[in-house]
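Trainee: There's a structure below that I have some questions on.
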Amino acid sequence: MNDLEICKRIAEIEDRMFSIEDSPSGKYIHDIGEDNAYNPLTDKALCFDLMVKYDVRVEPSDCNAWVDNEDGYPDNEVIHHKGTLQEAICLVIINKDNK
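For reference, each letter of the sequence shown is one residue, going 2 to 100 in this note's numbering.
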């Protein structure tokens, strides 16, 4: 998934009203309710809020993210990501929603 697809999917999971807009630097998700860009990949506060809301566990040094089941073991696959921790968190949320 590219960045736009990840942001779009997270906005859908969050039931955000959004549109896809063009800018000189490319397309982005416009959050209609907040009247600004919606990008948990670059907005660390938004990504942190999502991490807490969806109970995502992280290991920052290795860019790993996962969610635990009731027994304390990883419920979904652990995302070992070579990109950013924010991207790993978003991918775990997407995987959790797809199940």
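Here a beta-carbon is modelled for each residue, glycine too, at the ideal position from N, C-alpha and C. Given the structure is predicted, the values throughout are model-derived calculations rather than measurements.
Does the Cβ of E6 have 16 or more other Cβ atoms within 10 Å, making it buried, or fewer, making it exposed?
Mentor: The residue given as residue 6 occupies position 5 in the sequence shown. Exposed, because fewer than 16 other Cβ atoms sit within 10 Å of the Cβ of E6.
Trainee: Once DSSP output is grouped into helix, strand and coil, what is the label at K28?
Mentor: Within the sequence shown, the letter at position 27 stands for residue 28. Three-state DSSP puts K28 in a strand.
Trainee: Is DSSP giving I11 helix, strand or coil here?
Mentor: On the sequence shown, position 10 is the one that residue 11 refers to. In this structure, I11 counts as helix in the three-state DSSP scheme.
Trainee: From what residue to what residue does the alpha helix (DSSP H) around N65 run?
Mentor: Walking along the sequence shown from the start, residue 65 turns up at place 64. Counting along the chain, N65 falls outside any alpha helix (DSSP H), though it belongs to the beta strand (DSSP E) covering 65 to 68.
Trainee: Taking R58 as the reference, give the member of F49, V68, D50 with the closest Cα.
Mentor: As a working mapping, residue 58 is identified with position 57 in the sequence shown. The option with the nearest alpha carbon to R58 is V68.
Trainee: Would you kindly work out how many angstroms separate the C-alpha atoms of F49 and Y55, rounded to a whole number?
Mentor: In the sequence shown, counting from the first residue as 1, residue 49 sits at position 48. In the sequence shown, counting from the first residue as 1, residue 55 sits at position 54. Whole-angstrom Cα-Cα distance: 10 Å.
Trainee: Under 8 Å between the Cβ atoms of N40 and C8?
Mentor: Here residue 40 refers to the residue found at position 39 of the sequence shown. Here residue 8 refers to the residue found at position 7 of the sequence shown. Yes, Cβ-Cβ distance for N40 and C8 is below 8 Å.
Trainee: What is the residue span of the beta strand (DSSP E) that E60 lies within?
Mentor: In the sequence shown, residue 60 corresponds to position 59, counting from 1. Run containing E60: 57 to 60, per the beta strand (DSSP E) assignment.
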